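Residue numbers (the UniProt record's numbering), protein chains in the order written: chain F, 1 to 194; chain W, 1 to 194; chain B, 1 to 194; chain G, 1 to 194. All residues carry an ideal CB built from backbone N, CA and C; glycine is no exception. Since the model is a prediction, treat every value here as computed from it, not as a measurement. Read through the structure below, which is laid out as C-alpha cells, and then see the notes.
4 protein chains.
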Amino acid sequence: MAKDRSDDKFNKILNAAIHIIARKGFHNTKVKDIADKAGVASGTVYNYFSNKEDILISIMIIKLNEYVTKAKNAIEEIDDPKEKLKILIHHHFEAMQTNPELALVLQFELRQPTKDIRDKIRKYLREYFKFIEEIIKDGVEKGVFAKDLNVYFAREMFFGTLDEIVSTWVYTKKDWLLTDQTDTICGMLIKAYS
Amino acid sequence: MAKDRSDDKFNKILNAAIHIIARKGFHNTKVKDIADKAGVASGTVYNYFSNKEDILISIMIIKLNEYVTKAKNAIEEIDDPKEKLKILIHHHFEAMQTNPELALVLQFELRQPTKDIRDKIRKYLREYFKFIEEIIKDGVEKGVFAKDLNVYFAREMFFGTLDEIVSTWVYTKKDWLLTDQTDTICGMLIKAYS
Amino acid sequence: MAKDRSDDKFNKILNAAIHIIARKGFHNTKVKDIADKAGVASGTVYNYFSNKEDILISIMIIKLNEYVTKAKNAIEEIDDPKEKLKILIHHHFEAMQTNPELALVLQFELRQPTKDIRDKIRKYLREYFKFIEEIIKDGVEKGVFAKDLNVYFAREMFFGTLDEIVSTWVYTKKDWLLTDQTDTICGMLIKAYS
Amino acid sequence: MAKDRSDDKFNKILNAAIHIIARKGFHNTKVKDIADKAGVASGTVYNYFSNKEDILISIMIIKLNEYVTKAKNAIEEIDDPKEKLKILIHHHFEAMQTNPELALVLQFELRQPTKDIRDKIRKYLREYFKFIEEIIKDGVEKGVFAKDLNVYFAREMFFGTLDEIVSTWVYTKKDWLLTDQTDTICGMLIKAYS
DNA sequence: AATGAATGAGAGTTCATTCAT
DNA sequence: GATGAATGAACTCTCATTCAT
Numbered sequence: 001m002a003k004d005r006s007d008d009k010f011n012k013i014l015n016a017a018i019h020i021i022a023r024k025g026f027h028n029t030k031v032k033d034i035a036d037k038a039g040v041a042s043g044t045v046y047n048y049f050s051n052k053e054d055i056l057i058s059i060m061i062i063k064l065n066e067y068v069t070k071a072k073n074a075i076e077e078i079d080d081p082k083e084k085l086k087i088l089i090h091h092h093f094e095a096m097q098t099n100p101e102l103a104l105v106l107q108f109e110l111r112q113p114t115k116d117i118r119d120k121i122r123k124y125l126r127e128y129f130k131f132i133e134e135i136i137k138d139g140v141e142k143g144v145f146a147k148d149l150n151v152y153f154a155r156e157m158f159f160g161t162l163d164e165i166v167s168t169w170v171y172t173k174k175d176w177l178l179t180d181q182t183d184t185i186c187g188m189l190i191k192a193y194s
Numbered sequence: 001m002a003k004d005r006s007d008d009k010f011n012k013i014l015n016a017a018i019h020i021i022a023r024k025g026f027h028n029t030k031v032k033d034i035a036d037k038a039g040v041a042s043g044t045v046y047n048y049f050s051n052k053e054d055i056l057i058s059i060m061i062i063k064l065n066e067y068v069t070k071a072k073n074a075i076e077e078i079d080d081p082k083e084k085l086k087i088l089i090h091h092h093f094e095a096m097q098t099n100p101e102l103a104l105v106l107q108f109e110l111r112q113p114t115k116d117i118r119d120k121i122r123k124y125l126r127e128y129f130k131f132i133e134e135i136i137k138d139g140v141e142k143g144v145f146a147k148d149l150n151v152y153f154a155r156e157m158f159f160g161t162l163d164e165i166v167s168t169w170v171y172t173k174k175d176w177l178l179t180d181q182t183d184t185i186c187g188m189l190i191k192a193y194s
Numbered sequence: 001m002a003k004d005r006s007d008d009k010f011n012k013i014l015n016a017a018i019h020i021i022a023r024k025g026f027h028n029t030k031v032k033d034i035a036d037k038a039g040v041a042s043g044t045v046y047n048y049f050s051n052k053e054d055i056l057i058s059i060m061i062i063k064l065n066e067y068v069t070k071a072k073n074a075i076e077e078i079d080d081p082k083e084k085l086k087i088l089i090h091h092h093f094e095a096m097q098t099n100p101e102l103a104l105v106l107q108f109e110l111r112q113p114t115k116d117i118r119d120k121i122r123k124y125l126r127e128y129f130k131f132i133e134e135i136i137k138d139g140v141e142k143g144v145f146a147k148d149l150n151v152y153f154a155r156e157m158f159f160g161t162l163d164e165i166v167s168t169w170v171y172t173k174k175d176w177l178l179t180d181q182t183d184t185i186c187g188m189l190i191k192a193y194s
Numbered sequence: 001m002a003k004d005r006s007d008d009k010f011n012k013i014l015n016a017a018i019h020i021i022a023r024k025g026f027h028n029t030k031v032k033d034i035a036d037k038a039g040v041a042s043g044t045v046y047n048y049f050s051n052k053e054d055i056l057i058s059i060m061i062i063k064l065n066e067y068v069t070k071a072k073n074a075i076e077e078i079d080d081p082k083e084k085l086k087i088l089i090h091h092h093f094e095a096m097q098t099n100p101e102l103a104l105v106l107q108f109e110l111r112q113p114t115k116d117i118r119d120k121i122r123k124y125l126r127e128y129f130k131f132i133e134e135i136i137k138d139g140v141e142k143g144v145f146a147k148d149l150n151v152y153f154a155r156e157m158f159f160g161t162l163d164e165i166v167s168t169w170v171y172t173k174k175d176w177l178l179t180d181q182t183d184t185i186c187g188m189l190i191k192a193y194s
C-alpha cells in the first residue's frame, strides 16, 4: 500500500489512475501513462505505490472505504429497516453515478486480475457485505422482513442486483439516472424479503 | 473463432484451456501450457483458434450456447412461469455445480480482459438475457407477476442474484450444493416479482 | 545451463558473448548485443541459456573443461613431474595466448559478479586445482620436490603466479609471448618446490 | 575522489561502504544502504564522493596507501632483503587478517567493475608493485638472490602467490591464521629467487 | 495438418543522481 | 552542509505468434 497519503501526490496519482484505467483498462494502462497524467515522473509512482497492482487495490480500498463510511453515516439515525435499504441503494447508485470512471474501474477492472488481487479486494468488500447483512437482520428482528428470511442469500440478492444494474448501466453508458430507479429496485427487494 | 470444430482436437484444446485457466487465471496461462495439456504443439492451437483471446471467447460462446439450448429444451413444455423460473434457476446452478472449473472461468476470468472481449461476451450473454426476459414477460402477461413489473430490472435482479451467488460459491469453494438453494432463491425472486 | 548444445547456435551465441564481453565488460554488455553479434534474435538467446549470468558461467565451464581435458591428455604419458609442470604451464599460457578475448573474460569478467557466480566458478576451478596438486604431490612422492613441501600452498603459488602473469599480460596487452616465458616461470617454481 | 576528508563523515561513509559491499557485493549495494549504515542521508554521500564508483576506488586508494606506508616504515631500517620480504609478507597477511571485510572488498569486489575502475586501481597498485620490485632488486644486487633473476616475474610471483592465498582464505573463511604461514610462503619464495 | 524453433516487441521496475529547501 | 523526494534512463526477460519443414 501507499507509503504516505498525506501527500497530495498520492491522490493525484490515484485519480490519474482511475481516469486512465477507466479508459484503457488495467492491462492496457502503462505506469507511465498514469505518471504522465498525474504530472510526475514514472519513478515517483513507486514512491507512493509499491507496484502497478497496488494502485488498483488502493483505488478499491480507499474509495470503498470512503463510500462505506458515508453510507454508514447516512443511515445512522434511521430506524426503519426499509428506509435504511432505500437510503443504502440511493447512496450506492449515487456514488457510481457521480463518478462513472470510478464505477467503471470498480465494476470491471477490479473483477479481473490475479487471484491475489481478487483476494485482497474481497477482504474489503466483506466489510460492506457485513453492513448490508446487519440492516437485513435488523429488519428480520423488527418483524419487517420475513422471519425465515435467509440473511445470507438476501444480502447476495441485494448486492448482486445492484451490482448487475450498475454494471450494465456503466457498460452501456445509459442516459438515464441510476438514482431514478432507487424506488423501483427497493420495492422489488422489499417484496422479496417480506 | 475456430476454423474447424469437426476435429476432436478443437475440443481437446478447449477443455485443456478451461482446466488451465481455472487454475492459473487467463493472464498467467501460457498458450504452451494449454497445448501441452491438450497434447498438441503450440502451433497447432493456431489451427483451431485465431489467438489466445479467441480461446477464452470460444469457451464462453460454446458453453453458454450449450447451456442455453439445454435450458430452453427443459422449459419448452412448461406452462407455469413460476415453474419455468424454478427450472431455469435449477439448470443455472446445476451447470455451474457440475463443472466448477468452467464456472470459475465464466465467473471470473471472463469478466476481466479487454473491452473487446467484454463486448463479444456481452453479445452472447444477451441471448440468455432475452430468454430470461421472455419468461418474466410471459409471467406478467399471464397475471402471475405484477402488472407493473419492470421486466428489464426484474431480469437484472434474476441474473445479478444468481451470478453473485455462484461467484461467491465458486470463490469460497463452499461445500454445500447450489442446487439445494433453488427453492429459497426462487421463492425470493417470485415474491419480488409479485 | 544451456538446454541443448548440439545446436550450432549455442556455440555461435557463446562465442559472440566472449567477443562482446571482452570488449565491453559483462555489466556493459546487453543481451541484445550478444544476440546481434551471433546473428539471432534476442529471444533466441533464452532458448539456449536461462539468463544473462548463465552465459557467463557457461563460458567458464565449457572453456575450462576444454582446457583441462587437453592439458590432462598432454601430460598423461609424461613421467617426470618437472616436465609435467612445464607442459602444464605451457598449455596454460598457450590457451590464454591463443584466445586473448577468452583470456580477458576469464581473468577479469569472471572474477567479479555476484557471490553466486563466484561460487559456481570456484566449483569448476577446483577440478583444475586438484589436477595441479596431484602433479605436485607426485613430485614430492618421487623425491623430485622437497619432502616437506606444502602441496596446498605450492599449488596456490603455481596458480597465483600464472594467474597474475596472465592477468597483467592481458591487461597491458603486452607484445611478447606468454609461452616464451614458460622456462623462466617453470624454473622459479621448481626451485621453490625443491 | 573525495572533496573533503577532514570531515569525520567521510570515514563513516567509507567504512559503512566496506561493511555493506563486503556483505552484498558492489553491484547489489545501494547508495542508500551505505548512507543508512553511515547514518546520513543518501544525498550527503555525494558531498564526499563524486559517485558510487568513487567510493569503491577511494576504499582502494586510502586503504592501500595506509598499508604501503605502514609496510615501508616497517622495512625502512632492515638491511637483509630476505628479512624484508618476510616482513612484507607478514604485513600483507596481517592487514588482510585484521580486517576481513576490507580484504573481501579488495580481493573480490575491486577486481570486477568496469575497465575504468580497473585502470584507476591498477595505477595505485603499481606503487605497491614498484615497492616489491625494489626489494627484490636490492636482493639481486646484494647477491642474496640469483644474478639472473627476472625481477618483473619475481614480483608477479610474489604478488600472485600472496593474492591467491588471501583470496582463497577470504573466500573459504578458513579458520587458520594467514600470518602463521608467513615462514612457509617466504621460504618458498626465497628458494625460487635463489 | 502438425510441429516447435525462432522471433522481437513491449513494459514494469530499479536506483544513482540531482537539487530545492 | 544536510536532506530525501523526485527524477527518468536503462534493460532483462517473457511469451504470443509465425512459418519453414
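Bounding residues of the alpha helix (DSSP H) (the contiguous stretch that carries Asn73/W): Working through the second sequence from its first residue, we reach residue 73/W at position 73. For Asn73/W, the enclosing alpha helix (DSSP H) covers residues Lys52 to Glu76.
Same chain, Cβ closer than 8 angstroms to Ile185/F, five either side skipped, listed in chain order: In the first sequence, counting from the first residue as 1, residue 185/F sits at position 185. Closer than 8 angstroms at the Cβ level, and outside the excluded window around Ile185/F, lie Ile89, Thr161, Leu162 and Ile165.
Closest residue to Lys72/B among Ile61/B, His91/B and Lys63/B (Cα-Cα distance): The residue you call residue 72/B lines up with position 72 of the third sequence. Looking at Ile61/B, His91/B and Lys63/B, the one whose alpha-carbon comes closest to that of Lys72/B is His91/B.
Proximal residues of chain F, C-beta to C-beta of Asn150/W below 7 angstroms: One-based indexing of the second sequence puts residue 150/W at position 150. Contact of Asn150/W with chain F by beta-carbon distance below 7 angstroms involves Thr184.
Outcome for Leu85/W when other beta-carbon atoms lying within 10 angstroms are tallied against a minimum of 16: Within the second sequence, numbered from 1, the residue matching residue 85/W stands at position 85. Under this definition Leu85/W is a buried residue.
Residue burial classification, Lys147/F (beta-carbon count within 10 angstroms, cutoff 16): Walking along the first sequence from the start, residue 147/F turns up at place 147. The residue is exposed, with fewer than 16 neighbouring Cβ atoms inside 10 Å.
Min CB distance Thr114/F to chain W below 8 angstroms: Counted from its first residue, the first sequence places residue 114/F at position 114. Closer than 8 angstroms: yes.
Span separating the alpha-carbon of Val40/G from that of Phe49/B: Here residue 40/G refers to the residue found at position 40 of the fourth sequence. Here residue 49/B refers to the residue found at position 49 of the third sequence. Roughly 42 angstroms between the two C-alpha positions.
Option in Glu109/W, Phe158/W, Ser42/W and Lys115/W with minimal Cα separation from residue 257/F: The structure shown has nothing for residue 257/F, since chain F only spans 1 to 194.
Nearest residue (CA-CA) to Leu106/W, options Ala17/W, Lys12/W, Asp8/W and Lys9/W: Numbered from its first residue, the second sequence carries residue 106/W at position 106. Leu106/W has its Cα closest to that of Ala17/W, out of Ala17/W, Lys12/W, Asp8/W and Lys9/W.
Cβ-based neighbour list, Ile21/W, same chain, cut-off 6 angstroms, excluding 5 preceding and 5 following: Indexing the second sequence from 1 puts residue 21/W at position 21. Result list for Ile21/W: Thr29, Val105 and Glu109, in chain order.
Residue interval of the alpha helix (DSSP H) (run including Trp169/G): Along the fourth sequence, one-based indexing puts residue 169/G at 169. Where Trp169/G is concerned, the enclosing alpha helix (DSSP H) stretches over Val151 to Thr172.
Limits of the alpha helix (DSSP H) - the one that Lys30/F falls within: Locating residue 30/F in the first sequence gives position 30, where the first residue counts as 1. Segment: none, Lys30/F is in no alpha helix (DSSP H) and carries neither H nor E.
Residues near Ala154/W by beta carbon distance below 7 angstroms, same chain, minus five either side: Indexing the second sequence from 1 puts residue 154/W at position 154. Closer than 7 angstroms at the Cβ level, and outside the excluded window around Ala154/W, lie Ile136 and Tyr193.
DSSP-derived helix/strand/coil call for Asn180/G: Numbered from its first residue, the fourth sequence carries residue 180/G at position 180. In the sequence as presented, Asn is not what sits at residue 180/G; that position holds Asp. Looking at Asp180/G - three-state DSSP - the assignment turns out to be helix.
Rounded distance between the beta-carbons of Ile57/F and Ile117/F, thought under 8 angstroms: Taking the first sequence and counting its residues from 1, the one referred to as residue 117/F is at position 117. Taking the first sequence and counting its residues from 1, the one referred to as residue 57/F is at position 57. With a Cβ gap of about 6 angstroms, Ile117/F and Ile57/F count as contacting.
For Asp148/W, the three-state DSSP class (helix, strand or coil): Mapped onto the second sequence, residue 148/W falls at position 148. In this structure, Asp148/W counts as coil in the three-state DSSP scheme.
Start-to-end residues for the alpha helix (DSSP H) that takes in His98/B: Your numbering for residue 98/B matches position 98 in the third sequence. It should be pointed out that residue 98/B corresponds to Thr in this sequence rather than to His. Taken as a continuous stretch (DSSP letters only), the alpha helix (DSSP H) holding Thr98/B covers Pro81 to Thr98.
Sequence-distant residues of the same chain with beta carbon closer than 6 angstroms to Lys52/B, five excluded per side: Residue 52/B sits at position 52 when you count from the first residue of the third sequence. Contacts found: Val31.
Minimum Cβ-Cβ distance from Ile59/W to chain F less than 8 angstroms: Numbered from its first residue, the second sequence carries residue 59/W at position 59. It does not; no Cβ of chain F falls within 8 angstroms.
For Val45/B, three-class secondary structure by DSSP: Here the question's residue 45/B lines up with position 45 in the third sequence. Three-state DSSP puts Val45/B in a helix.
Per-residue DSSP class, three states only, for Asp8/W: As a position in the second sequence, residue 8/W is number 8, starting the count at 1. Correct three-state label for Asp8/W: helix.
Residues near Ile61/G in its chain [Cβ-Cβ closer than 7 angstroms; skip 5 each side]: Taking the first residue of the fourth sequence as position 1, residue 61/G is located at position 61. Cβ neighbours of Ile61/G beyond the five flanking positions: Tyr124.
Ser20/F at chain W interface by Cβ criterion, 8 angstroms: Against the first sequence, residue 20/F aligns to sequence position 20. In the sequence on display, residue 20/F carries Ile and not Ser. Chain W contact via Cβ: absent.
Distance between Phe158/F and residue 261/F (C-alpha atoms, nearest Å): As shown, chain F starts at 1 and ends at 194. That puts residue 261/F outside it, with no answer to give.
Beta-carbon contacts of Asp74/W that lie in its chain and below 7 angstroms, excluding the five residues immediately before and after: Start at 1 with the first residue of the second sequence, and residue 74/W comes out as number 74. Per the sequence shown, residue 74/W should be read as Ala rather than Asp. Here the set comprises Ile87 and His91.
Beta carbon proximity, Asn47/B to chain G, threshold 8 angstroms: Taking the first residue of the third sequence as 1, we reach residue 47/B at position 47. Closer than 8 angstroms: no.
Status (buried if at least 16 other CB within 10 Å, exposed otherwise) for Thr69/G: Start at 1 with the first residue of the fourth sequence, and residue 69/G comes out as number 69. Its Cβ having fewer than 16 others within 10 Å, Thr69/G is exposed.
Start-to-end residues for the alpha helix (DSSP H) that takes in Asp119/F: Your numbering for residue 119/F matches position 119 in the first sequence. Lys115 to Glu141 is the extent of the alpha helix (DSSP H) around Asp119/F.
As assigned by DSSP and simplified to three states, the class of Gly39/G: Position 39 of the fourth sequence holds residue 39/G. In this structure, Gly39/G counts as coil in the three-state DSSP scheme.
Nearest-angstrom Cβ-Cβ length linking Thr179/F and Glu94/F, presumed shorter than 8 angstroms: Position 179 of the first sequence, counted from the start, is the residue given in the question as residue 179/F. Position 94 of the first sequence, counted from the start, is the residue given in the question as residue 94/F. At roughly 5 angstroms, the Cβ-Cβ gap stays under 8 angstroms, so Thr179/F and Glu94/F are in contact.
Chain-ordered chain W contacts of Arg122/F [CB-CB under 8 angstroms]: Position 122 of the first sequence, counting from 1, holds the residue named residue 122/F. Tyr171, listed in chain order.
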